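Residues in the sequence shown are numbered from 1 upward in steps of one, following full-length UniProt numbering.
Data first, discussion second: the structure below is written as structure tokens.
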Amino acid sequence: MSARHDTSLDDIRGMRVAKSTKAGYKSGLNQIKKWIVSNGSPNMLNEDGSINLDGFQYPAFLAFIQWAYQNTTNKLGTLASYRSVIKDYYKRQGVPLPSQYDDDMKDLFQGMRRHHAEQTQSGGIKESGKRPMGLSTYESLSLASLKLMDGGFSHLFLALSWNLMCR
């Protein structure tokens, strides 16, 4: 028999999201749960630790997004992923998604992107993207890599990385 014969509808529904995306969603839900524990109310979590959608409604999600925007170094993409996380959670729980998650949330993130762009243009936001390691960091890593018993592969990698970065 082929694999299709052994596949249930629930299996197929579960395959709509890639494994890596599921891992990201799980991480996002954990961040929301941490916020609920420290800033939310007890009725926002079920006894098993899952999010209670009757207690954690749209205003609470907005409070979480505002807190994350103001108190973390998360980029806008990460904040937008929380919206995807909660939308997926609603879908998996079989609860209809409130319309605010589409309408108001779209406006909110559009405003956040515009605010970020204005701050970047005015020089308010200096760090964006990945920062290269400084020479002293490379020196200490190179020294440590020379002591490794890996046939010099770590040292070769660091030396090549430094040479390519300096071009």
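Using N, Cα and C, we set each Cβ at its ideal position, and we do this for glycine too.
Note that the coordinates shown come from a computational prediction; the quantities given were computed from them, not determined experimentally.
query                                                                                         : result
Contact set for Y89: own chain, Cβ-Cβ below 8 angstroms, skip 5 residues either direction     : Y25, L29, I51, L53
Strand pairing of L45, partner residues [DSSP]                                                : I51
Buried/exposed call for residue 170, threshold 16 Cβ in 10 Å                                  : In the structure displayed, the chain extends from 1 to 167; residue 170 sits before or after that span and is not available.
Helix, strand or coil at M15 [DSSP, three-state]                                              : coil
Cβ-Cβ distance between L142 and L158 below 7 angstroms                                        : Note that residue 142 corresponds to Ser in the displayed sequence, not to Leu. Taking 7 angstroms as the Cβ cut-off, S142 and L158 qualify as a contacting pair.
D88, DSSP secondary structure in three states                                                 : helix
As assigned by DSSP and simplified to three states, the class of V95                          : coil
Under 7 angstroms between C-beta atoms of P98 and Y58                                         : yes
Nearest to T73 (by Cα), restricted to the options K106, K87, N43, H116                        : H116
heavy atom of the ligand PLP below 6 angstroms from V17 C-beta                                : Among the components modelled here there is no ligand, and therefore nothing to report on the ligand PLP.
Exposed unless 16 or more other CB atoms sit within 10 angstroms - verdict on F56             : buried
Per-residue burial, F61 [other beta carbons within 10 Å of its own, 16 or more giving buried] : buried
Distance CB(A80)-CB(F109) smaller than 7 angstroms                                            : yes
Range covered by the alpha helix (DSSP H) that runs through Q100                              : Element bounds for Q100: n/a, residue is neither H nor E.
Residue range of the alpha helix (DSSP H) that includes N74                                   : Run containing N74: none; DSSP gives neither H nor E here.
Contact under 7 angstroms by Cβ, R83 with M105                                                : yes
Rounded straight-line distance, which links the Cα of K75 to that of F153                     : 34 angstroms
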